[in-house]
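Protein chains in written order, with the numbering used here: chain A, 1 to 335; chain B, 1 to 335.
Beta carbons: idealized from backbone N, C-alpha and C, even for Gly.
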């Protein structure tokens, strides 16, 4: 098998966008395509199918060369938890692409992890609007998860939970049940309101309740950075919850003894306040785990996992080629 | 003014039913009507209007006598918080009924309170699917509230919050993040599930998410009664939150020094476990408040408030007539 002739496709199908790359077996990426959301839980299958086929075919048509062969396609997809979903995608890919290739469908969280571990086993902690921690060993396909039970039953430590706690503190101050907090003024300013009771209509009549509540996390983070006690308690609790997700996960599965890389992703970590406090607490409570924010987007993780699936070692040379070719392609992602 | 010739109408417009009674100025009830929901927040105004006019006219046509006069109508209505809503109801009643009468529209919580205080000033604590505490002085119309900010931002100590905490504990056990709890088995049995991860589809794809989550409170209460530690912590916290609502309210308004009657209502207090534990904690933390469950439904509170509005004293004799005539009418409520 000549690796420079083989082609590998990695796809990241998320809630708002779908990215797809194609490259050879030695780390050279040759094309990047971009489509709309392909989350199977929030879009009808006919639409997801259309986005997938357009993204993949655009990559395949533009990124291969004469006489090159398709080897493996790795799709990291949001909302692909159920075996039925994966089978449906598999069948559709077999119609779409040259047959006898390997098609792998897994959660988009695993792609995000691989983009930080170069395809080595590891743990990913995601804290955006929601939260979840997942461990994955690409070699054995062993997978575990903790958390991620959604805004009503879980998502501890997420932007939604931080925002919700902030809004609740604000209403407790308003009611006289709780102390003063700087969160109040910040939320009122952010949402152009006169007083806390206006939250009710704004939040409950909002089509995107989850997103709206999570937006209030900004006010909590800013208040915490200024030393507000209520906000600091909320942030500390959230970080404690996220640490607990990782701790619990570290005790699961066969890799119990080893210290895995801990990849962190999601909008909350974009806040330097949050990231640095998380890192401090992780150093205390998660000895041996050094949280890293991946340099590459999840679509690169998918491509790396496609290579791993074909037993290709991600050598230093492969990494260098990958980084160089990605830098050449990434301009396209910004339109 | 001959009080036996005067007629007073009390209406309780709730989320599932509307009750209406008519009686004279001396405590004699003569008719009870029943209609569907008249919550202005969950039904279009044209429908609410139809339910109100049918309920009231049925009472007026059947409960008055020759030469009797309409004096006051008191409507306790769910979802009537905004002044615009009250004005709209007021205008419509003026068209419907003999003019120059007094029409009063207030929250249905105040009717529930009056049914327990015989129209004296007091506090009502409601803990059903949601929770809220309200104080009201019928003589001055002074009104305060604490809590009741809905399932996302408030409702502390409610059935929803207890159910939610129970389901979260169950998922923490499932994840390995939390200890064993008897809640798990009870919820799985109640909802005919094999394991906790099935909660996700069941809860999030349910049209009545709030009600569904609140149903899990039953499993928490049963587990607490059997000594389950996790369940007991949830129940203790919920009771603490409810006590805090009352404490905060007791510090508001002009009646700070006096000990008001504390009326309790809502489905949670139907549980003897919950009621007796609440009463114990109230005795410790709310000195002077002795929680009472009203003997009468809120529609009777509305009628009492109509009498109070006309400065009629609720003497022992009035109370006796009211209790007797209500016992004669209440059979109708059970069809």
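With the criterion set as a beta carbon lying under 8 Å from some beta carbon of chain B, the members of the stretch 187-219 of chain A are 199, 200, 203, 204, 209 and 213, in sequence order. Residue 189 (chain B): member of the alpha helix (DSSP H) spanning 183-190, first to last residue. The beta carbon of residue 285 (chain B) sits no closer than 8 Å to any beta carbon of chain A. Its chain contains no residue whose beta carbon lies nearer than 6 Å to that of residue 61 (chain B) once the 5 sequence neighbours on both sides are disregarded.
In this structure, residue 133 (chain B) keeps its C-beta atom at 8 Å or more from the C-beta atom of residue 21 (chain B). If you check each beta-carbon in the stretch 233-257 of chain A against every beta-carbon of chain B, the ones closer than 8 Å belong to 244, 245, 248, 251 and 252.
A direct Cα-to-Cα measurement between residue 267 (chain A) and residue 240 (chain A) gives close to 18 Å.
In this structure the stretch 286-300 of chain A lies against the stretch 107-126 of chain A, because at least three pairs of beta carbons, one per stretch, are closer than 8 Å. Shortest Cα-Cα distance from residue 152 (chain A) to any of B:33, B:157, B:136 and B:203 involves B:203. The criterion of a C-beta distance shorter than 8 Å is satisfied by residue 163 (chain B) and residue 213 (chain B).
The C-beta of residue 149 (chain B) comes closer than 8 Å to at least one C-beta of chain A. Between residue 217 (chain A) and residue 148 (chain A), the gap from beta carbon to beta carbon reaches 8 Å or more. At least 8 Å separates the beta-carbon of residue 130 (chain B) from that of residue 238 (chain B).
Collapsing the DSSP output to three states places residue 314 (chain A) in coil. Residue range 6-13 is occupied by the beta strand (DSSP E) that includes residue 12 (chain A). Listed along chain B, the residues sitting closer than 7 Å to residue 177 (chain A) by beta-carbon distance are 146, 244 and 248. In terms of CA proximity to residue 38 (chain B), B:16 leads the group B:59, B:32, B:27 and B:16.
By the criterion of a C-beta distance shorter than 6 Å, residue 278 (chain A) is surrounded in its chain by 239, once the five residues flanking it on both sides are discounted. Across the set B:5, B:126, B:14 and B:198, the C-alpha of B:5 shows the shortest separation from the C-alpha of residue 26 (chain B). By the beta-carbon neighbour count (other beta carbons within 10 angstroms, threshold 16), residue 283 (chain B) is exposed. Following the DSSP letters along the chain, one finds residue 131 (chain B) in no alpha helix (DSSP H) but inside the beta strand (DSSP E) bounded by residues 131-137.
Between residue 167 (chain B) and chain A, the shortest Cβ-Cβ separation is below 8 Å. With respect to residue 305 (chain B), residue 314 (chain B) sits apart: the two C-beta atoms are not nearer than 8 Å. Taken through DSSP and simplified to helix, strand or coil, residue 179 (chain B) comes out as coil.
Of B:146, B:119 and B:145, the smallest CA-CA separation from residue 139 (chain B) is found for B:119. The CB of residue 164 (chain A) comes closer than 8 Å to the CB of 152 and 153 in chain B, given here in chain order. Under the Cβ criterion of 8 Å, residue 171 (chain B) is counted among the residues facing chain A.
Around the beta carbon of residue 121 (chain B), 16 or more other beta carbons lie within 10 angstroms, which makes this residue buried.
At a Cβ-Cβ threshold of 8 Å, residue 263 (chain A) and residue 220 (chain A) do not count as neighbours. Looking only at A:2, A:281 and A:321, the smallest Cα-Cα distance to residue 71 (chain A) is reached by A:2. In this structure, the beta-carbon distance from residue 75 (chain A) to residue 171 (chain A) does not fall below 8 Å. Under the 10 Å beta carbon count, residue 242 (chain B) is surrounded by 16 or more other beta carbons and is classified as buried. For residue 275 (chain B), the uninterrupted alpha helix (DSSP H) run begins and ends at 272-285, by DSSP. In this structure, the beta-carbon distance from residue 159 (chain A) to residue 128 (chain A) falls below 8 Å.
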